[in-house]
Each structure stands twice: as structure tokens, then as C-alpha cells.
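Under the numbering used here, the letters of the sequence shown match residues 1071 to 1232, in that order. A virtual CB, placed ideally from N, CA and C, is assigned to each residue, including glycine.
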Amino acid sequence: MSVTSATSTRASSRNPGRVHAVHGNVVDVRFETGLPPRFRALDAGERDRCVLEVQAHLDSHTARCIALSPTRGLRRGTEVHDRGGMLQVPVGDALLGRVIDVLGRPLDRAGPIQAQRHEAVHKAPLELSRRVPRREIFQTGIKVIDLLAPIENGGKAGLFGG
């Protein structure tokens, strides 16, 4: 299930809720019967649909969510629908060279992404024992980084600017 295909899952929404409070990109949603689990994707609103993701349970009826799209038009009492799954984005070769947003929608104006698979964004990382270590260093061309914080080729690194 992809979050971008809202119409099919909205019809099967099993657990509707209502917006209780909006604080910028933080939205509290109240559910009368059971709370959706953490990282569940939710849809709020009808015309200007806002995609939410459950981050915490405040009490037995209220979920604190992060808005993954603009909260414009979202107000107290707006109906919220449980998507029934986590946020998923396209993966595979069709994504190479493409630019997407957090919802998996293309931002590069190169047409729709023709991916064969979609994966959950909250997925367990690969176990360290299954990772293949590489002995190559990625040359950034920035002497300070290459000397003090070398980056393994194919690895992950966070660079902060200021």
C-alpha cells in the first residue's frame, strides 16, 4: 500500500478519528475506539488532504502525529482516516536519478515513478553481521573531511553546515 493511493484505502478506513488540536506541524488526533500504532499513516481532511504519521500516544484516545504535508485548512473536528499501514515509498532501479518527497511523490518533473515495489520508511536496518565492509574511502575533495572524518564508499554520513 502506498500513501499516495488514498482513494482505495480511505474507503476501507476502519478507525475514523477527529483532529483535536493543531500546533504547526504537530497534530493531536482523538479516536473513540482504539488508537492506531506508532508510525501508522493517517489521512486528514477531504479537499486539501494532509498526511499524518502517528508518533506517540498521549492517552488511551489521543495520538500525537507529525504532519508530512501542509496543515493548511486543518482545524479542530476535521475527520481523520486510518490508512491501515505505514508510510511506503517506491524503491528499486526506477528511483535512480529521481528526486522524491517524503511521501514518495516525484519532485523532478520527470513524470510518474514506475516502481515495481514499495517499502515502509520505518524498516529495521540491516544487521551488522550481514553488512559487507568495504575498504574504499569516498574522496569528497574537502581535505578536512577526508582527513578527520573519512567516509566509507557506499556508507552513510551526515554533514552539517552552518
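Three-state secondary structure assigned by DSSP to residue 1212: Within the sequence shown, the letter at position 142 stands for residue 1212. It is coil, neither helix nor strand.
Thinking C-alpha only, which one of 1096, 1148, 1134, 1093 is nearest residue 1117? What you label residue 1117 is simply residue 47 of the sequence shown in a count that begins at 1. Comparing Cα-Cα distances from residue 1117 to each of 1096, 1148, 1134, 1093, the minimum goes to 1148.
Straight-line Cα distance separating residue 1107 from residue 1088: Taking the first residue of the sequence shown as 1, we reach residue 1088 at position 18. Taking the first residue of the sequence shown as 1, we reach residue 1107 at position 37. Taking the straight line joining both Cα atoms gives about 16 angstroms.
Classification of residue 1183 by the beta-carbon crowding that lies within 10 angstroms, buried from 16 upward: If you number the sequence shown from 1, residue 1183 lands on position 113. Buried, because 16 or more other Cβ atoms sit within 10 Å of the Cβ of residue 1183.
Nonlocal neighbours in the same chain, by C-beta distance under 6 angstroms from residue 1228, ignoring five residues either side: As a position in the sequence shown, residue 1228 is number 158, starting the count at 1. Cβ within range, chain order: n/a, list empty.
So is residue 1222 buried or exposed if we call it buried at 16+ other beta carbons inside 10 Å? Counted from its first residue, the sequence shown places residue 1222 at position 152. Classification for residue 1222: exposed.
Reduced DSSP category for residue 1122 - H, G, I as helix; E, B as strand; rest coil: Position 52 of the sequence shown, counting from 1, holds the residue named residue 1122. Here residue 1122 sits in strand by DSSP.
Residue ranges of each alpha helix (DSSP H) within the segment 1151-1215, 4 or longer: none
Rounding to the nearest angstrom, what Cα-Cα distance links residue 1234 and residue 1137 in this structure? Any question about residue 1234 goes unanswered here, given that the chain covers just 1071 to 1232.
Would you kindly report the start and end of the unbroken beta strand (DSSP E) that includes residue 1088? The residue you call residue 1088 lines up with position 18 of the sequence shown. Its beta strand (DSSP E) spans residues 1087-1093.
Residue 1173 versus residue 1112 - alpha carbon distance: Along the sequence shown, read from residue 1 onward, the residue named residue 1173 stands at position 103. Along the sequence shown, read from residue 1 onward, the residue named residue 1112 stands at position 42. Taking the straight line joining both Cα atoms gives about 12 angstroms.
Per DSSP, what kind of secondary structure is residue 1217 in: helix, strand or coil? Here residue 1217 is taken as the residue at index 147 of the sequence shown, counted from 1. DSSP places residue 1217 in helix when its eight states are reduced to three.
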